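The next block holds one structure in the form of structure tokens; read it before the comments.
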Amino acid sequence: MIRFNKVTLVYPYVQRTIFEDLSFEVPEGEFVLVMGDTGAGKSTLLKLMNGLVPHHTGGIFSGTIMVDGKDTALHKPRDLVDLIAIVGQNPALGFVTDTVEEELVFGMESLGVAPEVMRKRVEDMLDLLALTPLRQRKLSSLSGGEAQRVAIASVLTMNPKILLLDEPTSALDPIAAEEVLATLSRLVHDLGITVVIAEHKLERVLQFVDRVIYVRNEREVAVGFPQEILKDSTLAPPIVHLFRGLASEMSESEIPLTVRDARRQLGDLAAWLSPLQRHQPTITAEPILELENVAVNYGAKVALKNISVAISPGEIVAVMGRNGAGKSTLLSSIAGLRKLERGLVRVCGVDPQMLKGKELITKIGFIPQEASDLLYAQSVEEELRHSDNDNGVPSGTTSRLLARLLPDIDADVHPRDLSEGERLCLVLAIVLANNPPLLILDEPTRGLDYRAKDRLIAAIRECRDLKSAVIVASHDVELIAEIATRVIVLADGEIVADGPAGEILTSSPAFAPQVAKVLAPAQWLTVNEVLKSIGRSAP
Amino acid sequence: MVDVRTLHPLAWWSWGISLAIATSRAGNFWLLGGIILAAVIVTFSRRSDDPWANALSIGIKIACIALLLRMFIAILFSIPEQGKVLFTIPRIKLPQWLAGIFLGGDVTQERLQFVFLESLTIFALVVAIAAASSLANPKQTLRALPGVLHEAGVALIIATTLIPHFVMSVKRIRQARALRGDVEKFGFKKTLVPLFEEALERALILAESMEARGYGHKPKNGNPLLPTLAMFAGLFALLYSIISLVIGNSYQISLVLALSLIMFSLYLGNRNNSRTKYRPQKWGLRESFVLLMGVISIAFAGLSFTLLLAVLLFLVALAPIFVTSRERVLT
Numbered sequence: 001m002i003r004f005n006k007v008t009l010v011y012p013y014v015q016r017t018i019f020e021d022l023s024f025e026v027p028e029g030e031f032v033l034v035m036g037d038t039g040a041g042k043s044t045l046l047k048l049m050n051g052l053v054p055h056h057t058g059g060i061f062s063g064t065i066m067v068d069g070k071d072t073a074l075h076k077p078r079d080l081v082d083l084i085a086i087v088g089q090n091p092a093l094g095f096v097t098d099t100v101e102e103e104l105v106f107g108m109e110s111l112g113v114a115p116e117v118m119r120k121r122v123e124d125m126l127d128l129l130a131l132t133p134l135r136q137r138k139l140s141s142l143s144g145g146e147a148q149r150v151a152i153a154s155v156l157t158m159n160p161k162i163l164l165l166d167e168p169t170s171a172l173d174p175i176a177a178e179e180v181l182a183t184l185s186r187l188v189h190d191l192g193i194t195v196v197i198a199e200h201k202l203e204r205v206l207q208f209v210d211r212v213i214y215v216r217n218e219r220e221v222a223v224g225f226p227q228e229i230l231k232d233s234t235l236a237p238p239i240v241h242l243f244r245g246l247a248s249e250m251s252e253s254e255i256p257l258t259v260r261d262a263r264r265q266l267g268d269l270a271a272w273l274s275p276l277q278r279h280q281p282t283i284t285a286e287p288i289l290e291l292e293n294v295a296v297n298y299g300a301k302v303a304l305k306n307i308s309v310a311i312s313p314g315e316i317v318a319v320m321g322r323n324g325a326g327k328s329t330l331l332s333s334i335a336g337l338r339k340l341e342r343g344l345v346r347v348c349g350v351d352p353q354m355l356k357g358k359e360l361i362t363k364i365g366f367i368p369q370e371a372s373d374l375l376y377a378q379s380v381e382e383e384l385r386h387s388d389n390d391n392g393v394p395s396g397t398t399s400r401l402l403a404r405l406l407p408d409i410d411a412d413v414h415p416r417d418l419s420e421g422e423r424l425c426l427v428l429a430i431v432l433a434n435n436p437p438l439l440i441l442d443e444p445t446r447g448l449d450y451r452a453k454d455r456l457i458a459a460i461r462e463c464r465d466l467k468s469a470v471i472v473a474s475h476d477v478e479l480i481a482e483i484a485t486r487v488i489v490l491a492d493g494e495i496v497a498d499g500p501a502g503e504i505l506t507s508s509p510a511f512a513p514q515v516a517k518v519l520a521p522a523q524w525l526t527v528n529e530v531l532k533s534i535g536r537s538a539p
Numbered sequence: 001m002v003d004v005r006t007l008h009p010l011a012w013w014s015w016g017i018s019l020a021i022a023t024s025r026a027g028n029f030w031l032l033g034g035i036i037l038a039a040v041i042v043t044f045s046r047r048s049d050d051p052w053a054n055a056l057s058i059g060i061k062i063a064c065i066a067l068l069l070r071m072f073i074a075i076l077f078s079i080p081e082q083g084k085v086l087f088t089i090p091r092i093k094l095p096q097w098l099a100g101i102f103l104g105g106d107v108t109q110e111r112l113q114f115v116f117l118e119s120l121t122i123f124a125l126v127v128a129i130a131a132a133s134s135l136a137n138p139k140q141t142l143r144a145l146p147g148v149l150h151e152a153g154v155a156l157i158i159a160t161t162l163i164p165h166f167v168m169s170v171k172r173i174r175q176a177r178a179l180r181g182d183v184e185k186f187g188f189k190k191t192l193v194p195l196f197e198e199a200l201e202r203a204l205i206l207a208e209s210m211e212a213r214g215y216g217h218k219p220k221n222g223n224p225l226l227p228t229l230a231m232f233a234g235l236f237a238l239l240y241s242i243i244s245l246v247i248g249n250s251y252q253i254s255l256v257l258a259l260s261l262i263m264f265s266l267y268l269g270n271r272n273n274s275r276t277k278y279r280p281q282k283w284g285l286r287e288s289f290v291l292l293m294g295v296i297s298i299a300f301a302g303l304s305f306t307l308l309l310a311v312l313l314f315l316v317a318l319a320p321i322f323v324t325s326r327e328r329v330l331t
């Protein structure tokens, strides 16, 4: 269906080759996953497939890419829309009109599809993607999962044979992600559409895909069945890591990719593992953060009601919940950025709304969802200098911190040119330069690969060891299983669960990490825990 | 999206423009009052909750200011005239080079009446146009226009959706500034640079998404040169006729030629355009009725005044209210 033949791509003025001499083929009617490190070129690979690269972005391109017998070099992406469609990383930014129904017809109107056909296709798509209740809604009022489904519907109306999606679930909570992936899987099975997605969170997608394209580096791209590729890939979901760690005990050599397969193969493992002994730190210190009956409203909408929580130094608290449950509002209220309707917030005994400037950053380190908002300088070096200045620390402090998080970074690079993971490290270094007693991170793993996540985990643990309290809001259950000591679950602006991570994560199917699902009912959370208990080191 | 209970946007515009023409022919307080009252009643009882529905309120405020300003100037700068003197303002002597302009002096009833009527006409004109713009959905209006003008419509829609995004970005960036310990309220480099970077990035993503959705897809049929040439010739003829009008030559023939050339160009462009419309709003009986009533109101406004005429004109101007119901509120 899609054939790459000796494809090379170079951007002018950039040292690095993006791709060199790539040749591979994607068969028709399959669910294909593109995996690779951040910056390996997954998005670029997708855009090459429909010709946005190089038609739209420029770049020096050689070789041929044939899509269903058409050469993308000879056709503009806009003339291939009825063959190959793409949904970008943040679909809300790509919306052109302002209501759901208008968005669905935008492409068809450009193509000149007959009105009767349009009418019917719109109804079909609304049914197929369960969008009927949303048809007259304003696009700006949609949740992340809904926006993703509308974006998919808006390209499917043009009847493409191939659908490309760039990180369709990265901003979604586990349930919404599951919904989107199930929908995609249905498109493959019922309509015979070839679906290609790029995704970091392998644990979410591997169970659905038929084939994997693994972008190892600019020269090497492996295409194969998931079992083959994952046998020795450095990127792998927890199930595969668990299996690899226990490989010698296993008689079968087939790698399990779904929780069901893993339970079949490792089912009795839970029985012979020594009983779980998790060390739950006993907190004796005075709480560093106290919330009392906090309520926040947005106009008539209630965002938070009656939140009372106390957090002590040394705790790593994860805040979980659906999109729109109030996680971000809670975090920004703690940092004093929201006007409270009722209640009290105390950070180190002070109302955070009273803190300004330097007082604020010595007490609270806050990393917002768009971490790059905190950056404004023209190079990494300048940014580090500003940070030393703002934080009032000896010059070079931030830079040393960054060197620990990210050993080989070019100080002359513009912060926007860093990868998502590198940028997060830079922001972390800036925020931690002052060693604030409270660190807050809002959805830090968006777009991070496993390696960047490991760096983040190390940084957060270090922070905890320095007796800071850490609060993380995230959809990433694997990250939370790895670091959190305590989990708070929000729903509709209220706390519905608050307790030790092991208990909360294993008790709800949506928030359970893979290892917990495989070894249920034992409350194991991570691969490391399991391997350590039998005296193995982590892979 | 399309609500069957509302009128075709062009019908609303035909109504508004008819009333505007009627006001310029009326020249009578009662007729003008009737038109203004009808336009206000129709708008306030039939407008939706959308942002553009406020156009009339804004229009009335602007028209009020214009009216008061006009009256004030009329009183202040008097022209010596015969008539009943109401009151006198002390006259101020102006320098020689401003001869012919009088500051202060006698204010006559006739003059006040004349100026008030003149201002009220402008007031009614603004109200009629503002009424139409608060009733007709601008996006629907653009959709109802010929396909060749579609691009302009898309640009407008994008602009209106980007503004709220922009406001959000500014808020977020200022928040981030506070989080870095910046106490400065507004820094050019620290606020505007990230804002522009973000706006540019957004624009690129949007352009990419539009490209990937077939925007600008053109099948190769028809000759694109002919409509362009016709449009140029039409605009040239229009310019010629405007100049003729201004310097007092005859302009009718060139104006007709200009308009027909422009129409021809639009017709050709539209025929070459392969865009289709999803659920276009239909022009039905109700729309024709509103259009007819608009034409009748123009005719009525030209007749000599009687009380019956004023009542009839008011009822005719009120026509749309009889064939529509209040718009459904969309969330």
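From first to last, the protein sequence lines are chains A and B. Take the first sequence: its position 361, counting from 1, is numbered 361 in the numbering used here, and each next residue is one higher. Take the second sequence: its position 33, counting from 1, is numbered 33 in the numbering used here, and each next residue is one higher. Using N, Cα and C, we set each Cβ at its ideal position, and we do this for glycine too. Since the model is a prediction, treat every value here as computed from it, not as a measurement.
#1: Which residues of chain B have a Cβ atom closer than 7 Å to the Cβ of M106 (chain A), listed in chain order?
#2: Quick check on A425 (chain A): buried or exposed, where buried means 16 or more other Cβ atoms within 10 Å of its Cβ?
#3: Mind reading off the beta-carbon distance from A153 (chain A) to M108 (chain A)? Whole number of angstroms is fine, and I expect it under 8 Å.
#4: Just checking my contact of L86 (chain B) with Q109 (chain B) at CB under 8 Å: how many whole Å lie between their CB atoms?
#5: Relative to the C-alpha of G36 (chain A), which candidate in A:S110, A:V470, A:P237 has its C-alpha closest?
#6: Using C-beta distances below 8 Å, list every residue in its chain close to I457 (chain A), excluding the 5 sequence neighbours before and after it, in chain order.
#7: With DSSP collapsed to three states, give me the class of F543 (chain A).
#8: Mapping DSSP to helix, strand and coil, what is T234 (chain A)?
#9: Compile a chain-ordered list of the residues in the region 127-140 of chain B whose CB is closer than 7 Å to at least one CB of chain A.
#10: Can you name the start and end residues of the beta strand (DSSP E) that R342 (chain A) belongs to?
#11: Which residues does DSSP pair with S486 (chain A) in a beta bridge?
#12: Using DSSP with H/G/I as helix, E/B as strand and the rest coil, what is G493 (chain A)?
#13: Tell me where the alpha helix (DSSP H) around G33 (chain B) begins and ends.
#14: Locate the beta strand (DSSP E) running through I86 (chain A), then write down its first and last residues.
#15: Looking at chain B, which residues of the region 21-49 of chain A have a Cβ within less than 9 Å of any of its Cβ atoms?
#16: DSSP on Y13 (chain A), reduced to helix/strand/coil?
#17: Where does P164 (chain B) land, buried or exposed, given buried means 16+ other C-beta within 10 angstroms?
#18: In chain A, which residues lie less than 8 Å from I173 (chain B) when you measure between Cβ atoms?
#19: Out of curiosity, what's the CA-to-CA distance linking Y101 (chain B) and I75 (chain B)?
#20: How is the beta strand (DSSP E) around T306 (chain B) delimited, first residue to last?
#21: Quick one: Cα of N391 (chain A) to Cα of E422 (chain A), how far?
#22: Report the partner residues of L164 (chain A) according to the DSSP bridge assignment.
#23: When you compare only the Cα positions, how much space is there between H200 (chain A) and V215 (chain A)?
#24: Report back the beta-carbon spacing between T183 (chain A) and R149 (chain A) to the nearest angstrom; my notes put them in contact at under 8 Å.
#25: Look at P352 (chain A) and G336 (chain A) and say whether their C-beta atoms are less than 8 Å apart.
#26: For chain B, check one thing: does any of its Cβ atoms lie closer than 8 Å to the Cβ of S154 (chain A)?
#27: What residues in the region 310-322 of chain B bring their beta carbon closer than 8 Å to a beta carbon of chain A?
#28: Under 7 Å from any heavy atom of the ligand GDP, does the C-beta of L131 (chain A) make it?
#29: Which term fits W15 (chain B), buried or exposed, when burial requires 16 or more other beta carbons within 10 angstroms of its beta carbon?
#30: When you compare the CB of G58 (chain A) with every CB in chain B, is at least one pair closer than 8 Å?
#31: Assign K120 (chain A) to one of two classes, buried (16 or more other C-beta atoms within 10 Å of its C-beta) or exposed (fewer than that).
#32: Beta-carbon of T88 (chain B) versus every beta-carbon of chain A: anything under 8 Å?
#33: Counting beta carbon pairs with one atom in the region 397-413 of chain A and one in the region 173-190 of chain B, are three or more of them shorter than 8 Å?
#34: Kindly indicate the opening and closing residues of the alpha helix (DSSP H) around R91 (chain B).
#35: Within 10 angstroms of its Cβ, does W524 (chain A) collect 16 or more other Cβ (buried), or is it exposed?
#36: Excluding the 5 residues flanking L230 (chain A) on each side, which residues of the same chain have their C-beta closer than 6 Å to its C-beta?
Put simply:
#1: Sequence inspection shows Phe at residue 106 (chain A); the Met mentioned does not correspond to that position. What F106 (chain A) touches in chain B: R213.
#2: The question names Ala, but residue 425 (chain A) in the sequence shown is Cys. It counts as buried.
#3: Incorrect: roughly 12 Å between the Cβ atoms, too far for contact.
#4: 5 Å
#5: A:P237
#6: L479, E482, I483
#7: Any property of residue 543 (chain A) remains undetermined from this structure, which presents chain A solely from 1 to 539.
#8: coil
#9: none
#10: Run containing R342 (chain A): 342-347, per the beta strand (DSSP E) assignment.
#11: Looking at the sequence provided, one finds Arg at residue 486 (chain A) rather than Ser. Beta-bridge pairing links R486 (chain A) to A:V317, A:P500.
#12: coil
#13: In the DSSP assignment, G33 (chain B) falls within the unbroken alpha helix (DSSP H) covering 29-46.
#14: 84-87
#15: Cβ contacts with chain B come from K47.
#16: coil
#17: exposed
#18: Under the 8 Å cutoff, chain A gives D373.
#19: Correcting the residue identity first, residue 101 (chain B) is Ile in this sequence and not Tyr. The straight-line gap from Cα to Cα measures roughly 13 Å.
#20: Segment: none, T306 (chain B) is in no beta strand (DSSP E) and carries neither H nor E.
#21: Straight-line Cα distance between these residues: approximately 21 Å.
#22: A:I86, A:V196
#23: Each residue's alpha carbon lies about 12 Å from the other.
#24: 7 Å
#25: yes
#26: yes
#27: none
#28: Among the components modelled here there is no ligand, and therefore nothing to report on the ligand GDP.
#29: buried
#30: no
#31: exposed
#32: no
#33: no
#34: Premise fails: R91 (chain B) lies in the beta strand (DSSP E), 85-92, not in any alpha helix (DSSP H).
#35: buried
#36: A236, V240, I255
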